[in-house]
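Protein chains in written order, with our numbering: chain A, 1 to 379; chain B, 1 to 343; chain C, 1 to 254.
Note that beta-carbon positions come from the ideal geometry of N, C-alpha and C, so glycine has one too.
The structure appears below as structure tokens.
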Amino acid sequence: MTNFMSRNDLLLFLGFAVVVLAMPIWLTPFGAGYPDLLQRFMIFGIFAVGFNILFGLTGYLSFGHAAFFGVGSYAAVWSFKLLTLDAIPAMIFAVIISGLFALVIGFLSLRRSGIYFSILTLAFAQMSYNLAYSVLTPITNGETGLQLTLNDPRVLDAALGQTFVGQPVPTLLGQQLGGYAGFYFCAGFLILSFFFAQRVAGSPFGMMLKSIKSNQTRMQFTGFNTRPYALSAFVISGMYAGLAGALLAVTDPLAGAERMQWTASGEVVLMTILGGVGTLVGPVIGAWIIKYFENILSALNDNILAQFWSFLPEGVADVVVKVTSKFVGDGWHLTLGLVFVIIVIFLPGGIMEGVRRLTAVARRSGPPGAKSHQPQPAE
Amino acid sequence: MFEVIFLQFLNGLDKGAAYALIALGLTLVFGTLGVVNFAHGALFMLGAFCAVMFRQFLTLETVTIDPTQTSPWGAPLEIREPLVQTWFGDFGAVLVNYSVPFSILITIPIMLLVGIALERGIIKHFYKRPHAEQILVTFGLAIVAQEVIKSIFGPNPIPQPMPTDLRGAADIGSWIGFQANVITYPLWRLIYFLFSAIVIGGVFAFLQFTTFGMVVRAGMADRETVGLLGINIDRRFTIMFGLAAIVAGMAGVMYTPLLPPNYHLGMDFLVLSFVVVVVGGMGSLPGAVAAGFLLGILQSFASMTQIKAIVPGIDQIIIYLVAVVILLVRPRGLMGRRGVMES
Amino acid sequence: MANSNVVLHVADVHKRFGGLHALADIDLQVEEGKTHAIIGPNGAGKSTLLNVIIGKLAPTSGQVVFDGNMLTGRKPYQINQLGIARVFQTPEIFADLSVLHNVMIPAFAKRDGTFTLNMLRSLDSETTIRQEAEHMLEDVGMLNRRDMHAGSLSRGDKRRMELAMCLIQHPRLLLLDEPTAGMSRHDTNTTIELLKKIKERGMTKVIIEHDMHVVFSLADKISVLAQGRIIADGSPDEVRGNPKVQEAYLGGAH
Chain A
1 MTNFMSRNDL LLFLGFAVVV LAMPIWLTPF GAGYPDLLQR FMIFGIFAVG FNILFGLTGY
61 LSFGHAAFFG VGSYAAVWSF KLLTLDAIPA MIFAVIISGL FALVIGFLSL RRSGIYFSIL
121 TLAFAQMSYN LAYSVLTPIT NGETGLQLTL NDPRVLDAAL GQTFVGQPVP TLLGQQLGGY
181 AGFYFCAGFL ILSFFFAQRV AGSPFGMMLK SIKSNQTRMQ FTGFNTRPYA LSAFVISGMY
241 AGLAGALLAV TDPLAGAERM QWTASGEVVL MTILGGVGTL VGPVIGAWII KYFENILSAL
301 NDNILAQFWS FLPEGVADVV VKVTSKFVGD GWHLTLGLVF VIIVIFLPGG IMEGVRRLTA
361 VARRSGPPGA KSHQPQPAE
Chain B
1 MFEVIFLQFL NGLDKGAAYA LIALGLTLVF GTLGVVNFAH GALFMLGAFC AVMFRQFLTL
61 ETVTIDPTQT SPWGAPLEIR EPLVQTWFGD FGAVLVNYSV PFSILITIPI MLLVGIALER
121 GIIKHFYKRP HAEQILVTFG LAIVAQEVIK SIFGPNPIPQ PMPTDLRGAA DIGSWIGFQA
181 NVITYPLWRL IYFLFSAIVI GGVFAFLQFT TFGMVVRAGM ADRETVGLLG INIDRRFTIM
241 FGLAAIVAGM AGVMYTPLLP PNYHLGMDFL VLSFVVVVVG GMGSLPGAVA AGFLLGILQS
301 FASMTQIKAI VPGIDQIIIY LVAVVILLVR PRGLMGRRGV MES
Chain C
1 MANSNVVLHV ADVHKRFGGL HALADIDLQV EEGKTHAIIG PNGAGKSTLL NVIIGKLAPT
61 SGQVVFDGNM LTGRKPYQIN QLGIARVFQT PEIFADLSVL HNVMIPAFAK RDGTFTLNML
121 RSLDSETTIR QEAEHMLEDV GMLNRRDMHA GSLSRGDKRR MELAMCLIQH PRLLLLDEPT
181 AGMSRHDTNT TIELLKKIKE RGMTKVIIEH DMHVVFSLAD KISVLAQGRI IADGSPDEVR
241 GNPKVQEAYL GGAH
């Protein structure tokens, strides 16, 4: 086992799996223990883990990853429409298609680095988005979004003689994937995705990606052709995005072009930064936090706020309600923007760096024997 | 045929002018401060909302109820009178009518303050940090700016009427020897183009002919050396950021009659402007201006029905397509220097 | 290529930039196992020559042949894979990684080639390469720093580590670009000692140097470059006594 995975990695993985699978239990006190939100936690966790393989390891900042997410969604819905309502073929199909799409876009974009790379990915994503809304309407169904209908051919299902009554929904081996079944389905993929990311980060390949981020020139003079490395990372993260997009289509089989918009690409950047770029769990935590607060804060309204602040004197309470209401409900993006700015300014390593600093402080103020002058381990 | 082409060319000018103005400011900030400012589009949007705010202020009304008269619905008649009209009489009416151009007067100090506050407060600390972090912090600032505007002015676009005298169309064709009414062009678009030409000319003249501008240009070429000369480059950079904010703000103000501003206006223009800057060549002012107009005009041609019939959807992607091609074929853009921002 | 011992042959290389004749008629033969120094005052064309050797610049005429392979137009990684490792003027290292990983990475390039998609193998299972890297670090006296961030090393240590990164590939030719530039006296001395130690193992080296004194104790052969031409060629003693060299160094721009 030691050669397969170090003890620390194994513990991290098992801990992660337990935390994820137990989410319906431990998130209930926080008001987040319901399947719809939990599914989103899983889906965007996968998206962020994959994005981190590119941005966190190689340092290439893509502003167009939502395109792969969107392509994954469309591909999955088409699989539901044309082949079968079973989720597994849809996932495979979506991952392949988004991987191919990422291969093309990555091949072109990676010819440049720095901000030029960012702009190229942004341009490709915006092209995809604009085309999805206009010329590609036969594939994307434009503004309405692509959805399942009773008249879909579903050749595999038809061949097997399966018929459905009512509105078609995605299934797994005949079981519907709504509610907690949907959550566990997504959770399985998140755990798998995490495991794979962990393997990649801990492999020689992962070390090469980190070296590209650290010093691309040295990498080349050391005998490595850096482009296929970066391209592999790009395609892998594109496939992750496609997988996440497909899962969103499984839980809610309506694919719209807005999933490909650059604000959606920006969101996954935010998640990764907030949690901690280049760390394994950071991006997942970032995704969870953003989705959690999006859900909680955007549901708050003046009435709830008024109740919350009711212990204050009346005049003061009114003012406080007025001010705080700007930061919740529709205004929750303001909170997000502020938090994000603060994180980038004061804690560029995100939450994971915050945790590291806190533990460092705790250790220093602990017993003097624990004080160590160990050189800082690199990773 | 020539008329059609010429008309499309004209149609591209005003959009191109807006791109050029935003790209100019972006390039100034990048060239002098070395900062990739994703909040620049937000400055354009803030400028536009200076115009909205100014007009809302001008049209504050006193409402008096005249009990002797009734409205057609039978309720007591409300008499609304704009405050400025009660204070300034006819001049007040002119002020309201010309609120958009007049709001430039308040936009300049507001944008200068916003620009200086941003630079001194936040951006200053990012000069030495990686470009990715600059992008991220300014991206966050852009979100904050647009959400603040949304919470004040609401999510919907707020139309800004242009002055009544400037609503018509200019018969440009007849000026250059065509028959009357063959080539007509909305007057305000013409004004926008002329306005941007003046602003761009002003910025270039400022950089070319003033000592301040000389130092800044030298700083753009070689920041370290200028710093070594003992010139306080920091203060000048702050002012340059303020200037870039003013240019973006004014561009936003004057654009309001053409496109009712909403809170995400900045983001919409930002993405395009970055493409413009990159196409022009990162750090090149003439490149930014040229690419702005070039892309505006290309966009206008791409939206011709004849062209769309040949290449469906081209109008949706033309700008990005041009950006991709230029970046792949000529990574420095039209006029950029080598090695800028490559890593 | 009369002499089969010649590893690197720079043959009749000219390089012009517009009107400027940066390199003229350069002919160099670097023999196997020897340390060949190229020295010259600032602006003599040393960097241009180096860039031509590593294929970054194409010569206007002439060619660079390494072990039977033309180098012109090849990518840096291809040149490395042919067996040329390079030490830079300012150490080019992976500052964010540990010292051990810095030295392991080149070993992977040697073993696995320019690109391998070995993403499911664990780094911990690469015991051979790890031991090799540790051995190398011990060789340059840095094993105690193996877990440090490379970026936090002193300049001298960075140089030593960079040397270790090159040596672990067992290159057929080691290019050193002003290996002691910008170093303190102490760091310069340790670096020279290290280079001497490497020399004893018979590795072929080309040292580009501005400072004559650094190379006299190291080189088997010295070529002196001035104004784009080789003005003297020979053993350290021959070169030392050459009046042209003294003029270039003492009477010239320097």
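{"Item": "Same chain only: Cβ atoms within 7 Å of Phe6 (chain B), ignoring 5 sequence neighbours per side", "Value": "Ile183"}
{"Item": "Outcome for Pro257 (chain B) when other beta-carbon atoms lying within 10 angstroms are tallied against a minimum of 16", "Value": "buried"}
{"Item": "Assumed close pair Ile296 (chain A), Gly56 (chain A) - CB separation to whole angstroms, cut-off 8 Å", "Value": "So it is not a contact: roughly 27 Å between Cβ atoms."}
{"Item": "C-alpha gap between Gln147 (chain A) and Phe47 (chain A), whole angstroms", "Value": "22 Å"}
{"Item": "Check whether Ala288 (chain B) and Val275 (chain B) have beta carbons under 8 Å apart", "Value": "no"}
{"Item": "Nearest-angstrom beta carbon gap, Phe69 (chain A) and Gly282 (chain A) [assumed within contact, 8 Å]", "Value": "Contact doesn't hold; Cβ gap of about 20 Å is too wide."}
{"Item": "Beta-carbon proximity list for Met208 (chain A), same chain, < 6 Å, skipping 5 on both sides", "Value": "Tyr229"}
{"Item": "Distance, Val103 (chain C) Cα to Glu31 (chain C) Cα", "Value": "27 Å"}
{"Item": "Any C-beta of chain C under 8 Å from that of Met207 (chain A)", "Value": "yes"}
{"Item": "Bridge partners - Leu175 (chain C), DSSP secondary structure assignment", "Value": "C:Arg86 and C:Val206"}
{"Item": "Candidates B:Leu321, B:Leu327 and B:Leu243: closest to Leu112 (chain B) by CA position", "Value": "B:Leu243"}
{"Item": "Cα-Cα separation between Asp124 (chain C) and Met5 (chain A), rounded to whole angstroms", "Value": "8 Å"}
{"Item": "Between the CA atoms of Phe63 (chain A) and Val155 (chain A) - distance to the nearest angstrom", "Value": "37 Å"}
{"Item": "Ser193 (chain A) vs Gly50 (chain A) beta-carbon contact at 8 Å", "Value": "yes"}
{"Item": "8 Å Cβ cutoff, Phe216 (chain C) in contact with chain A", "Value": "no"}
{"Item": "Beta-carbon neighbours of Ala44 (chain C), restricted to chain A and to distances below 7 Å", "Value": "Neighbours of Ala44 (chain C) on chain A: none; closest Cβ ~23 Å, over 7 Å."}
{"Item": "Supposed contact pair Pro179 (chain C) and Gly83 (chain C) - C-beta distance, whole angstroms, cut 8 Å", "Value": "Actually they do not touch by this definition, with Cβ atoms about 19 Å apart."}
{"Item": "Members of the region 338–365 of chain A that neighbour chain B once the beta carbon cut-off is set at 9 Å", "Value": "Leu338, Val339, Phe340, Val341, Ile342, Ile343, Val344, Ile345 and Pro348"}
{"Item": "Interface residues of chain A facing Ile105 (chain C) [CB-CB closer than 9 Å]", "Value": "Pro204, Met207, Met208, Ser211, Arg218, Met219, Thr222 and Phe224"}
{"Item": "Inter-residue Cα distance where the pair is Gln306 (chain B) and Ala18 (chain B)", "Value": "25 Å"}
{"Item": "Rounded straight-line distance, which links the Cα of Leu83 (chain A) to that of Asp67 (chain C)", "Value": "58 Å"}
{"Item": "Cβ neighbour criterion (16 or more within 10 Å) applied to Leu10 (chain B)", "Value": "buried"}
{"Item": "Coil, strand or helix - Ser103 (chain B) by DSSP", "Value": "helix"}
{"Item": "Gln167 (chain A) versus Asp86 (chain A): straight-line alpha-carbon distance, rounded", "Value": "15 Å"}
{"Item": "Cβ-based contacts, 7 Å cut-off: residues of the region 181–204 of chain A near chain C", "Value": "Arg199, Val200, Gly202, Ser203 and Pro204"}
{"Item": "Pair within 8 Å by beta-carbon distance, Gly15 (chain A) and Pro24 (chain A)", "Value": "no"}
{"Item": "The alpha helix (DSSP H) enclosing Arg363 (chain A), as first and last residue numbers", "Value": "Gly350 to Arg364"}
{"Item": "Residue-chain proximity (Ser214 (chain A), chain B), Cβ-Cβ < 8 Å", "Value": "no"}
{"Item": "Closer than 7 Å: Ala109 (chain C) CB and nearest the ligand GTP heavy atom", "Value": "Ligands are entirely absent from the displayed structure, and the ligand GTP is therefore not among its contents."}
{"Item": "Given Cys50 (chain B) as reference, the closest of B:Ser103, B:Ala302 and B:Pro286 once Cα atoms are compared", "Value": "B:Ser103"}
{"Item": "Start-to-end residues for the beta strand (DSSP E) that takes in Lys221 (chain C)", "Value": "Lys221 to Ala226"}
{"Item": "Nearest candidate by alpha-carbon position, reference Ile79 (chain B), set B:Pro67, B:Gly89, B:Phe88 and B:Asp90", "Value": "B:Pro67"}
{"Item": "Test item: CB-CB of Phe124 (chain A) and Val148 (chain B) under 8 Å", "Value": "no"}
{"Item": "Below-8 Å beta-carbon distance, Leu306 (chain A) vs any chain B residue", "Value": "A small correction: the amino acid at residue 306 (chain A) is Ala; Leu does not occupy that position in the sequence shown. It does not: the Cβ of Ala306 (chain A) has no partner Cβ on chain B nearer than 8 Å."}
{"Item": "Beta-carbon contacts of Leu122 (chain A) that lie in its chain and below 7 Å, excluding the five residues immediately before and after", "Value": "Phe63, Gly64 and Trp262"}
{"Item": "Residue-chain proximity (Ser237 (chain A), chain C), Cβ-Cβ < 8 Å", "Value": "no"}
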